[in-house]
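Asks: I am attaching a structure below and will ask some questions about it afterwards.
Protein chains in written order, with our numbering: chain A, 2 to 237; chain B, 2 to 237; chain C, 2 to 237; chain D, 2 to 237.
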């Protein structure tokens, strides 16, 4: 795909941050992820609903593992305040986001019981396994970098689609999904995550670790991309 | 010490539970912990306030590590509901309990800054290190057993002292501490913890693992006791 | 596939063991793994060499993660002797097996540098991620059960093919692979692993945990099977 | 204690290394550790043998936990070669060093059974708990820094005492202990550990992380010192 396609979608809040250095070190991989055909299919409403349902079921499993990774961030934090930030994210996922996800999925005809019984796709296992492995084997910075591809990617996609006049609003069943990530609560979460990454990177040698962290980040981005790709065709 | 001293203080809620089997397997160790001279010094108000202040400062560090252990319980849980229970405890400690602890300690002349700067005692390190090591090396059942000595012990102590006519109420600076653990919020937390232990023990072979789990539990109890003992004399 | 195809290939050493209970609880999944078309292609020499090379490259990455999992088994052991058993396996993999693997792969035209630079397949990530996640989240028994599908499966396959008169020996480039797993060093490793699982299962409530452990085992078997399936067609 | 007491004992091999930066950041703590009265009591043979026996029993438990920490280093390594280095240390401790330790202790009248049954001292728990906690919560660099206080300290002590004309050789029951750490096998182990720390520090932002790593290192040194101090008086 052509990474020059379309205007720059870099969110303001990442400019000059440590996250920007990671993203800039893997420009093609990043654009392949945030401008993926699956995303474009949501933007113009042409995505097959069966494909979106399969994605939602895997996304439920992803959320559970995402919460487990942030629980490890609590364990790996060095101060009370740092622990609190991650604990709030864990509680937010398990109390608020999960309820929203269940209710949203119900609108797509997916019951909670169905979602809980659904088996993980290989792509979900590969991605979640990677994040949790890096989270345990590395330090808090490795963990936050591994999670940042998802955290910022969804925020950037949401914002880019919401700002793009070509995005179909009327009658597009995917526009409410776009809004979740474009709206203030998620954008705020993303901004706080980006600024926290700056703090932890400063304290734990982020710049000196850029070669390794870029590899880690690029792998996370490629696993996100593989998740979209499988979502389009094979994932059940 | 004589474990026959005083009436039976077994909380109703543990009767017939898996926790009761652990407690009954280590009766002398348990009584030595819940009827420790440090505890009796709080009951009759004779405890040296300097000793109590030292205890409070270490207890702050204990709470942080306790929250880290419950964060590992989130990571080690097998279902969404199980994750939520532990996540609520982590959030409860870091948001509610910690604020109460800071405010309570302020009443004893200890500022938050002072507490955060205070170095851990050997006994705190030994106990917290033991819990976190068992939490990572074992499964969710090992983790919950390691934490149960503290969870139930403080609830049993609070209840026993609140119900004991010999406990000094008027002018006893420690009676508010007793109330925290005797009152409904903590008693409810304890009951839920005990019932959760039953569920996890049933699923993960608790009865068949009793010899190992009893050793683990007895060690946790002995480290709690050592914490009281050091609190009485040397801990700073 | 028809699981009645061919004679019973159960190794003698697993009869009556805890491992046999796991294997018997998932008969179709197990047969689908050990009699997989990829395996039959090695038995009769019809497997595409390009497919075998792709498998060997992923198998290198698998071995590294397998060694990491046994390193966690050292960490999670409860006694000096138990630690030694796992440490010997880690050292055996990294010193002996890896050298053999490199030399064997060189015979297939794969240099060590090429193998080290090769990216992991999704199926490798999914399987290794699963094993390491269960290894960290669970106890030593969870860990050993997760590893047992590979340990015994390869030994059973090697033995079955070596004993099967239909297996092509002359001019079959895969027969040396069969021999590695049929020969005494690996068979001995397998027997010791099976007997160790008995010991740890007895101590850590294996029988009472059968429902959960069977799920864990069946997932590991299905990820092994997916690894063969991808090996046949898409894995690079 | 006066850190100017006696000549400089800095081993040649650490000059200009990352380890030297850690050691130089905590000069008083370091000297308090390597010139501890317990050490001087071994140098001149005046140490109470009962105290040395108590130390040996705790040292056995320390070795087990030290091997567990290096097993985590295998898990946390990023390359095959890096994994091998730690795996060789784990195997070396469990196969070679432990046999030497058992045989050495037998010379002091301590049977292996006695050592295995002996309970851990608080100081052992505090130190081992700290190392394992940092090993799991941090990355490979945190882990190696936590272990370096022991690795280099014992090598520096051994070398310093072996080179010091004041050290009693004839009739000093502790001189063989000094030799173990002064002799080439241990000195080689130490040199390789120091050079490995340089490599990992370069890759994982060691210099930028000096404030945090110095705190970690200083804590490890203080826990080593507390171990000597308890060894002199109370440890059983």
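The beta-carbon is built from N, C-alpha and C at its ideal position, and this holds for glycine as well.
Nearest to residue 91 of chain D by alpha carbon, out of C:69, C:114, C:112 and C:109?
Replies: Residue C:69 is the option with its Cα nearest to residue 91 of chain D.
Asks: Which whole-angstrom value is the C-beta distance of residue 126 of chain D and residue 213 of chain A, which I expect to be below 8 Å?
Replies: Residue 126 of chain D to residue 213 of chain A, Cβ: 34 Å. No contact.
Asks: Under the three-state reduction of DSSP, which class applies to residue 37 of chain A: helix, strand or coil?
Replies: Three-state result, residue 37 of chain A: coil.
Asks: Given a limit of 7 Å on CB to CB distance, which residues of the segment 130-154 of chain C reach chain A?
Replies: Hits within the stretch, in order: 130, 131, 133, 134 and 137.
Asks: Kindly indicate if chain A contains any beta-carbon less than 9 Å away from that of residue 65 of chain C.
Replies: False, the Cβ-Cβ gap to chain A never drops below 9 Å.
Asks: Does residue 123 of chain B get closer than 9 Å to chain D when you measure Cβ to Cβ?
Replies: Yes, residue 123 of chain B counts as interfacial toward chain D.
Asks: Can you tell which of C:61, C:47, C:217 and C:79 has its C-alpha closest to the C-alpha of residue 173 of chain C?
Replies: That would be C:47, whose Cα lies nearest to the Cα of residue 173 of chain C.
Asks: Is the Cβ-Cβ distance between residue 1 of chain C and residue 218 of chain C less than 9 Å?
Replies: With chain C covering 2 to 237 only, the question about residue 1 of chain C has no answer from this structure.
Asks: Please return the same chain residues whose Cβ sits closer than 7 Å to the Cβ of residue 187 of chain D, not counting the five positions on each side in sequence.
Replies: 156, 159 and 181, listed in sequence order.
Asks: Which class does residue 78 of chain A belong to by DSSP, given the choice of helix, strand or coil?
Replies: Coil.
Asks: For residue 132 of chain C, I'd like the list of residues in its chain whose CB is within less than 6 Å of its CB, leaving aside the five on either flank, ordered along the chain.
Replies: 70 and 147, listed in sequence order.
Asks: What distance in whole Å lies between the Cβ atoms of residue 122 of chain C and residue 237 of chain C, which are believed to be in contact at a cut-off of 8 Å?
Replies: About 7 Å; that satisfies the 8 Å criterion.
Asks: Just to confirm my understanding: we take residue 15 of chain B, look at its own chain, exclude 5 residues before and 5 after, and list those with CB closer than 6 Å. What are they?
Replies: 21 and 195.
Asks: Which residue from C:33, C:76 and C:28 puts its Cα closest to that of residue 129 of chain D?
Replies: That would be C:76, whose Cα lies nearest to the Cα of residue 129 of chain D.
Asks: Considering only the beta carbon of each residue, do residue 109 of chain A and residue 53 of chain A sit closer than 9 Å?
Replies: Yes. Within cutoff.
Asks: With 9 Å set as the bound, which would you pick, yes or no: does the beta-carbon of residue 86 of chain D sit closer than that to a beta-carbon of chain A?
Replies: No, because no Cβ of chain A sits closer than 9 Å to the Cβ of residue 86 of chain D.
Asks: Who are the Cβ neighbours of residue 137 of chain A in its own chain at under 7 Å, not counting the five residues just before and after it?
Replies: Result list for residue 137 of chain A: 73, in chain order.
Asks: Can you name the start and end residues of the alpha helix (DSSP H) that residue 215 of chain C belongs to?
Replies: Residue 215 of chain C -> alpha helix (DSSP H) spans 211-234.
Asks: Please say whether residue 88 of chain D and residue 96 of chain C have beta carbons closer to each other than 9 Å?
Replies: In this structure, residue 88 of chain D lies closer than 9 Å to residue 96 of chain C by Cβ.
Asks: At a Cβ threshold of 9 Å, is residue 24 of chain C touching chain B?
Replies: Chain B, which has no Cβ nearer than 9 Å to the Cβ of residue 24 of chain C, makes this no.
Asks: Check the Cβ-Cβ distances between residue 197 of chain A and every residue of chain C, and say whether any is below 9 Å.
Replies: Residue 197 of chain A does not count as touching chain C.
Asks: Can you tell me whether residue 66 of chain A is buried or exposed? The criterion is at least 16 other CB atoms within 10 Å of its CB, across all chains shown.
Replies: Buried, because 16 or more other Cβ atoms sit within 10 Å of the Cβ of residue 66 of chain A.
Asks: Anything in the segment 209-232 of chain A with a Cβ closer than 7 Å to a Cβ of chain C? List those residues in chain order, please.
Replies: Of all residues in the segment 209-232 of chain A, 227 have a Cβ within less than 7 Å of some Cβ in chain C.
Asks: Can you find a C-beta in chain B that's less than 9 Å from the C-beta of residue 182 of chain D?
Replies: So, not an interface residue.
Asks: Taking the continuous alpha helix (DSSP H) assigned at residue 109 of chain D, which residues delimit it?
Replies: First-last for residue 109 of chain D: undefined, no H or E at that position.
Asks: Count the C-beta pairs between the segment 31-39 of chain A and the segment 221-228 of chain A that are closer than 8 Å, then say yes if the count reaches three, no if not.
Replies: With a cut-off of 8 Å, the segment 221-228 of chain A and the segment 31-39 of chain A count as touching, because enough Cβ pairs lie within range.
Asks: Residues in its own chain within less than 8 Å of residue 81 of chain A by CB, not counting five upstream and five downstream?
Replies: Counting only Cβ-Cβ distances below 8 Å, and skipping sequence neighbours, we find nothing.
Asks: Could one say the Cβ of residue 54 of chain C lies closer than 9 Å to chain B's Cβ atoms, at least one of them?
Replies: Not one chain B Cβ lies under 9 Å of residue 54 of chain C.
Asks: I'd like to know whether the C-beta of residue 89 of chain D is nearer than 9 Å to at least one C-beta of chain A.
Replies: With 9 Å as the cut-off, residue 89 of chain D does not count as an interface residue toward chain A.
Asks: Which residues in chain C have a C-beta closer than 8 Å to the C-beta of residue 206 of chain B? List them in chain order.
Replies: Within chain C, the residues near residue 206 of chain B are 205, 206, 207, 208, 209 and 210.
Asks: Taking 9 Å as the CB-CB limit, is residue 76 of chain A close to chain C?
Replies: No, residue 76 of chain A does not count as interfacial toward chain C.
Asks: Tell me, to the nearest whole angstrom, how far the beta carbon of residue 209 of chain B is from that of residue 209 of chain C; I am working on the premise that it is less than 8 Å.
Replies: Confirmed, about 5 Å.
Asks: By alpha-carbon positions, which one of C:10, C:37 and C:140 ends up nearest to residue 201 of chain C?
Replies: Selected option, being the one with the closest Cα: C:140.
Asks: Do you know how far the Cα of residue 142 of chain A is from the Cα of residue 221 of chain A?
Replies: Looking at the two C-alpha atoms, the distance is approximately 14 Å.
Asks: Would you check if the distance between the CB atom of residue 86 of chain B and the CB atom of residue 192 of chain B is smaller than 9 Å?
Replies: Cβ distance not < 9 Å, so residue 86 of chain B and residue 192 of chain B don't count as in contact.
Asks: Alpha carbon to alpha carbon, how far is residue 41 of chain D from residue 8 of chain D?
Replies: Each residue's alpha carbon lies about 14 Å from the other.
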